[in-house]
Each structure stands twice: as structure tokens, then as C-alpha cells.
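Residue numbers (my numbering), protein chains in the order written: chain A, 1 to 155; chain B, 1001 to 1107.
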């Protein structure tokens, strides 16, 4: 016959197993690795300098499902000197990519506005690729009170 | 599936003016990370690509990922070079495809 204690122990091990399946140990390192990999995919290993890029995003986010953000890059946007691409990444999402936009001198201004999902409190990174092959970035830390992606998945 | 898209382009512009274009596509952008109450994974269904062409010349394109909010809004700028048509095209998972166009008069 199943004892109360035996049943509870079994229940506990199921719960622990589930938690393990969803959150691998050392998740912070794994996330950092995924983020680094994603950035490398875009930059090809080139150095990313801080500056020129302005990432406008609310510092406190009530609802991570729809986060308005605007990226502007300082650039004359001429044939000789323009922004080729703007990429946005998040640190804590299951996948770091948000959007990769390809623009050119015909854009007139290097500006991109969109809405993202952000899973958790952490960093949001915007990287701009210039026509001379350099990469510039800005990182903003945001606080998310209602997380996207997972909230109705774990009820 | 309904493919409702909205674009906002100024009807007229001066030559050389930088115009702002706003686009919105009605789409759930299902991430592929959510589960139902029964624990079944909901398959990914997102728009993966957006392209804008100005009289046949590509002026803006983007790759979208599951981290885009539902009903993806994309706002960008372009220089009004000549009168003509701007074409917008979204494509994504499960054969999703939507197009929209807008005319602009440049003086």
C-alpha cells in the first residue's frame, strides 16, 4: 500500500525532475553563451564598441509581452558612410534574437522602432553595423514585472 | 488565416525628404515556447521576414524572431526620391504571406 510519506516523496521527485527539464543548471552561463553566440553570428567576431547607438526603451516594463523600443544610430547616412544593419538582442529570452533590420543610405536616417517581447529583468542590446565594417552598441538594463513567453505556459 | 496588414505612408512628400513609414501586421507570433494547460507545446508560428521595396528597389528588410511582440510593428524611414509605389511583403511560418502597397507623390 502507498504510504503518505512515500507518495509525497514520489511527488517531490517528479516536481524536481520537471524543474530540471526546464531549467538546466548553470542557466546564467548558458544564457550568456547563447547571447555571445548570437552576437558573434552577426558581427563575425569583430569588436563591438560602445557608442553611436541610442536604444530607447522604458527602464521599467509592466508587461513584457509588448515592449516598445526605438533604436537610433548617429550616422550621416551617405553612400560612403551609412548604417548597414541594426540588430536587437535580449539577455534573458529563450532565444536572444529580437530583430535584425537591414537599411542603407536610402533610409535617410538610421532609425528603427518596433515592439518586442522580453522574458525577464536583464539587458537589452542594440548593435549597429556600419558600412566601414565597424560595430557599435548600446546596452540598457530593464526591469520586467510581468514576463513574456512563459507566464501562461507554467500554470 | 486572415492576413490583415496596415501601412502608414505619407501620401505626398517633397523630394529628398525623409519620410517615416509605420507597418503593422496582424499575427499572433506564437513563440513555440508556450504550452497549453495540458502541457502540450504550442508549435512556433511567426512572421520571419519583412521587406519593403520602393519602385522595385529594396530599401528596408528585416528578420523577425519569436521575441517580436504579437502583431509586429515595424517603423523605419526612407528618403522620398520619386513618385511611385512602396511595396511591403511579410512572410513566415506555415506559408504565411501578406503584401500591401502604398502610393506616394513626390514633388
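Using N, Cα and C, we set each Cβ at its ideal position, and we do this for glycine too.
Exercise. Straight-line CA distance for residue 28 of chain A to residue 110 of chain A?
Worked result: Each residue's alpha carbon lies about 33 Å from the other.
Exercise. Any idea which residues DSSP pairs residue 78 of chain A with across the strands?
Worked result: DSSP, once it has assigned bridges, lists no residue as partnering residue 78 of chain A.
Exercise. From what residue to what residue does the alpha helix (DSSP H) around residue 1100 of chain B run?
Worked result: That residue, residue 1100 of chain B, is in no alpha helix (DSSP H); its beta strand (DSSP E) goes 1097–1106.
For this session: Could you tell me whether the Cβ atoms of residue 1104 of chain B and residue 1009 of chain B are closer together than 7 Å?
Result: The answer is yes: Cβ separation under 7 Å.
Exercise. What are the start and end residues of each continuous beta strand (DSSP E) run of 3 or more residues lying completely inside the region 88–120 of chain A, in chain order?
Worked result: 97–102, 110–116
For this session: Could you tell me which residues DSSP pairs with residue 1063 of chain B in its beta bridges?
Result: A/100, B/1049
For this session: Give the range of the beta strand (DSSP E) segment to which residue 169 of chain A is assigned.
Result: Because chain A in this structure spans residues 1 to 155, residue 169 of chain A falls outside the shown range and cannot be described.
For this session: Can you pull the chain A residues whose beta carbon is under 8 Å from the beta carbon of residue 1078 of chain B, in chain order?
Result: 106, 107, 108
Exercise. So, is residue 51 of chain A buried or exposed, given that buried needs 16 or more other C-beta atoms within 10 angstroms?
Worked result: With fewer than 16 Cβ atoms within 10 Å of its Cβ, residue 51 of chain A is classed as exposed.
Exercise. Which same chain residues, not among the five before or five after residue 1022 of chain B, have their C-beta less than 6 Å away from its C-beta?
Worked result: Closer than 6 Å at Cβ, skipping near neighbours: 1008, 1075.
Exercise. Is residue 1027 of chain B close to chain A, meaning its C-beta is less than 7 Å from at least one C-beta of that chain?
Worked result: no
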